[in-house]
Amino acid sequence: MSSFIDYTVNGLVIGNIYALLAVGLALIFGVSNLINFAHGSVYTIGAYIGWAAITFLHTPLPVTMAIVFVACALVGMAIERIGLRPLQGSARIAPLLATIGISFVLDQVVQLVFSASPRALPNDLPDWRIDIGGGSIGALDLLIAGVGVGAAALLFVFLRFTKLGFAVRATAQDREAALQMGVNVNAVNSTVFAIASALGGISGLLVGMYYNHIDPAMSFQATLKGIVAQVIGGVGNVPGAIVGSLLLGLIESYGIALLGTTYRNLFAFVLLILFLIWMPNGLFGGRSAPQSEPLTGAFIAPSKPLRLPRWALWAMTGAAFALPLVFGAPYLLQTLTNAWLAAMLALSLTLMAGTAGQISFGHAGLLAIGAYASALLTVDLNAPTWLTIPAAGLITSALGTLLIFPAFRLRGHTIAIATLAIGEVVSLVILNWESLTRGAMGVTGIPPLSIFGHEIYAPREVYWLCLAIVVALALVQTRLLTSHFGRTLRAIRDDDVAARSYGIRLDRYKALAFAFGGFGAGVSGAITAHLYSYINHQTFDSQVSLLALTMVILGGMGNVVGAILGAIVLAGLPELFRLTAEYRILIYGIVLLLLIRFRPQGLMGTL
Amino acid sequence: MSMLLEIKGLTRRFGGVTAVKDFDLAVAEGELVSLIGPNGAGKTTSFNLISGLDRPDAGTIVFGGQSIGGMAPEAIAALGLARTFQHGRVFGNLSVEDNVLVGAHTRLSAVRPRWPVIGPLGELALALLRPRAVKQEEQALRAETRDILALFGDRLIPRLDHPAYSLSYANRRRVEIARALALKPRILLLDEPTAGMNPTETGEMQALIAALKSSGLTILLIEHKLDMVMALSDRVCVLDNGAKIAEGAPQDVRRDPAVIEAYLGHSGIGQARPQPEPVA
Ligand SMILES: Nc1ncnc2c1ncn2[C@@H]1O[C@H](COP(=O)(O)OP(=O)(O)O)[C@@H](O)[C@H]1O
Ligand SMILES: [Mg+2]
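The listed protein sequences correspond, in order, to chains A and B. Numbering that gives the first Met the number 0 numbers the first residue of the first sequence as 0 and each following residue consecutively. Numbering that gives the first Met the number 0 numbers the first residue of the second sequence as 0 and each following residue consecutively.
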């Protein structure tokens, strides 16, 4: 009984923290139809600004909160100015990708300024606790509840009774009409970002105090939790976001009580997927989905793709094969091998996201499946790698397609969120299915690659093997793209309604695209496992997915040569310049932002 | 007379609005029937219901003896029903040729074997390996695509490999019709094919539709340009506020007081059509 009350209190407290995040996401979605992936970064920034104020200025709590509020509001306004305003009129996915780029940049800046190691965030609250029915409530619990309720009340007053609040509601209801009524939509967006980010920052501060722990990596999970809460309550619905957050907090808390902490996120993401598929409008969204406008060209910036002559491509391929004969430096070859492995992933993603228009944010999940498949087959069953790598490709292809299949009915942004959640679920299942995957320990002692008893160990042999696989995959993909299959996928991407009206069964072709793409990604993951000799559930995290997406956008969506080029540029060059991980991701973020703004069709053009 | 398309009691409500109300219509093989009516009368909604993009709240739709009400659009297309869209929905990043080839999707057979269970994988393998039958099928369809595009004179043939987003509005409408013809439809549903076209272009379109009709194609046409409707139609059906208010020979319908009243009572007709959204 006592623990039940404690878990309930804990659930409500966490729910309140999620609510501060989710309300902001809902407001932003309401006025600008954007899922702000930088929201969690603001939350982290809030936590760190609070930490800095307390540590260096010794501010009392109310002053700390005021500083965090104002600073995060300013960050929010900057995000709107950079990530949203200049992108009006570009592809609908552009602002979303821009917020991903911004989140990369902000997270790495935080990490560079404050270092990656976690810090304690002390609070000066009295440490009494009130006993109730066997459980207890502390001062901090009450503070968090108070901030949550207070913020909700203030927001209600703002939206209901102020002129600006009215403008926000009008914009959320009908942007065009609001514009015609003379509402300054830019000012509304800016205000909403400021409020949302201020609340997000406060949420970060409170969560840091609650766990007495902050670290720069907390932002991505925060964004995801906010999104889950919103989907439960109905995307863009402010009261729904609050209820969704409290429910999510409670479900997580009870779930942890029943199954243990490693299950916490699994609940969130499984809930997200279930809601997206069975109740895409959330608990309060009503039944009928709003008619989505034609998604024609929504994800693709029209362009004239650069077509390199065939002889030039073959010459470059030949040069790539000849390279180890001239430059034997193992470091160079290992770097390029990484680029080839990334290219396999990028080829797979460019087919799904670029050609078929099904943006996937969870692509690293496929790597993980392939890696674990091959690793476990070799370690547990002593199967030879020449057999397990193709087998891993097939397993990934089948399993990946099966996992994504229920999400095929989703469109636009929601499929991106669903794939993100599926990617997280894969990682969490690996973490929790200990009897198969060894759980958090990871798989050790994965044997090196070998073909018919010959171990492939030398850097240049590995290089050749990976390059050969990339070339083979690229050739097959190119050939498929010039067939009716490629034409059909691109038709689905450009206008799925028109495609259906001409007899195209969407599920069938999306599934085939994922099946083929899953194979390449699985092979890439499998080879990586054998090269690393150790993998765990975090080896292929969501950052890898977003990186792959950046490669694909850099090369040009759907462009086979572009995907390989993107992989070489983003996986190879930073390594050659020996940049540290922080700077590398910072550069990825900046590249992504610049691309979306100035060259959305990528280097080689979309196909 | 055997009817190719028979609609009975078709009804569709959107919240408080009844977009289509107890609508009956029958179209015989080889007939050209026009559906006219003021803006918002429910014409496009009827097309959406017939083509499966929307589900009726009540009523039956029988096409070629088979009930298709509530069926998926892809299944209805496979039965030989092709439609165009009022605001134009071409595949923006596909070339003109590819747009038309997508229209022939339901007719692909060599590359889409009806193998149980492994059919989709077989399709992928055939697309990759391209045995002779697959190549021949593709070549035949490409040749046919050119014949279809030739129906539009030199409007589209010189732009065979231009992406559709780069085409003029009128040309996109033509591509849509070409795509529909590539399905070899038993019935063709045209939603305002001349919207946004100038008189010369309209004249060309009218001649094309007349030619299609005389080739025996069954056509259901939504059109605002009444001269064209009068010249082409075997029968005209008038919708107003979702309900059929008149039906009959063009000349009779034109004189029908209810029709005149419906048209005078609305300012929508004859006014400039809303500009289409750009495709890309
Ligand atoms: N998806 C929809 N949601 C709500 N109302 C709709 C929808 N589609 C059409 N309507 C309404 O149904 C009525 C008929 O529209 P429509 O069939 O497009 O007319 P028409 O093609 O004759 O101009 C209009 O009042 C329109 O506003
Ligand atoms: Mg209409």
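All C-beta atoms in this analysis are idealised placements derived from N, C-alpha and C, irrespective of residue type, glycine included. Remember, predicted model here, so these are calculated numbers, not experimental data.
Within 8 Å of the C-beta of A/A119 there is not a single heavy atom belonging to ligand 1. Judged by DSSP in its simplified three-state form, B/E5 adopts strand. One alpha carbon belongs to A/L572, the other to A/L578, and they sit about 9 Å apart. If you ignore the 5 residues before and after B/L150, its C-beta comes within less than 7 Å of the C-beta of L207, all in its own chain and listed in chain order. A/L505 belongs to the set of residues whose beta carbon lies under 9 Å from a beta carbon in chain B. Listed in chain order, the beta strand (DSSP E) elements of length 3 or more contained wholly in the segment 18-75 of chain B are 31-35, 57-62. Residues of the segment 469-486 of chain A with a Cβ closer than 7 Å to any Cβ of chain B, in chain order: V475, R478, L479, S482, H483, F484, R486.
If you look at B/D251, you'll find it in the alpha helix (DSSP H) that goes 249-254.
At least 9 Å separates the beta-carbon of A/L205 from that of A/L307. Distances from the CB of B/F22 to the heavy atoms of ligand 1 are all 8 Å or more. A distance below 6 Å between beta-carbons, with the five flanking residues on each side excluded, links B/L220 to the following residues of its chain, in chain order: S33, L189.
Residue-level contact by beta carbon fails for B/S167 and chain A, as no gap is shorter than 9 Å.
In the same chain as A/V67, and ignoring 5 residues on each side of it, the C-beta atoms closer than 7 Å to its own belong to G45, I48, G49, G200, I201, L204, in chain order.
The beta carbon of B/S45 sits no closer than 9 Å to any beta carbon of chain A. Taking 8 Å as the cut-off, the C-beta of B/V19 counts as close to a heavy atom of ligand 1. Per the DSSP secondary-structure output, A/H453 pairs in a beta bridge with A/I450. Between ligand 2 and B/I221, a heavy atom-to-CB distance of less than 8 Å is present. Residue pairing by DSSP places A/G571 in no beta bridge whatsoever.
Under the criterion of beta carbons closer than 8 Å, A/I468 and A/V522 qualify as touching, at roughly 6 Å. With at least 16 other beta carbons inside 10 angstroms of its own, B/E136 counts as buried. With a cutoff of 9 Å on beta-carbon distance, A/Y42 and B/A76 are scored as not near each other. For the pair B/E246 and A/L348, the Cα-to-Cα distance works out to about 54 Å. The continuous beta strand (DSSP E) containing A/D130 extends over residues 128-131. Annotation: A/R577 has no Cβ neighbours in chain B at a cutoff of 9 Å; minimum Cβ distance is about 39 Å. Just so you know, the alpha carbons of A/L375 and A/V442 end up roughly 8 Å apart.
By the 16-neighbour rule on beta-carbons within 10 angstroms, A/W339 is buried. The segment 271-282 of chain A makes no contact with the segment 23-37 of chain A, as fewer than three CB pairs between them are under 8 Å. Under the 10 Å beta carbon count, A/H453 is surrounded by fewer than 16 other beta carbons and is classified as exposed. Apart from the 5 residues on each side of it in sequence, A/V191 sits with its Cβ closer than 7 Å to the Cβ of L26, I27, V30, V167 in its chain, given in chain order. Around the beta carbon of B/I117, fewer than 16 other beta carbons sit within 10 angstroms, so the residue counts as exposed. Two segments are said to touch when three or more pairs of C-beta atoms, one from each, lie closer than 8 Å; by this definition the segment 148-167 of chain A does not touch the segment 80-100 of chain A. In this structure A/N381 is exposed. Its beta-carbon is surrounded by fewer than 16 other beta-carbon atoms within 10 angstroms. For B/A40, the distance from the CB to the nearest heavy atom of ligand 1 is below 8 Å.
Within the segment 496-522 of chain A, those residues whose Cβ lies closer than 9 Å to any Cβ of chain B are, in chain order, V496, A497, A498, R499, S500, Y501, G502, I503, R504, L505, R507, Y508, A510, L511, A514, F515. Under a 10 Å Cβ-count criterion, A/H57 is classified as exposed, with fewer than 16 other Cβ atoms of the shown protein chains found around its own Cβ. The Cβ of B/H223 sits no closer than 9 Å to any Cβ of chain A.
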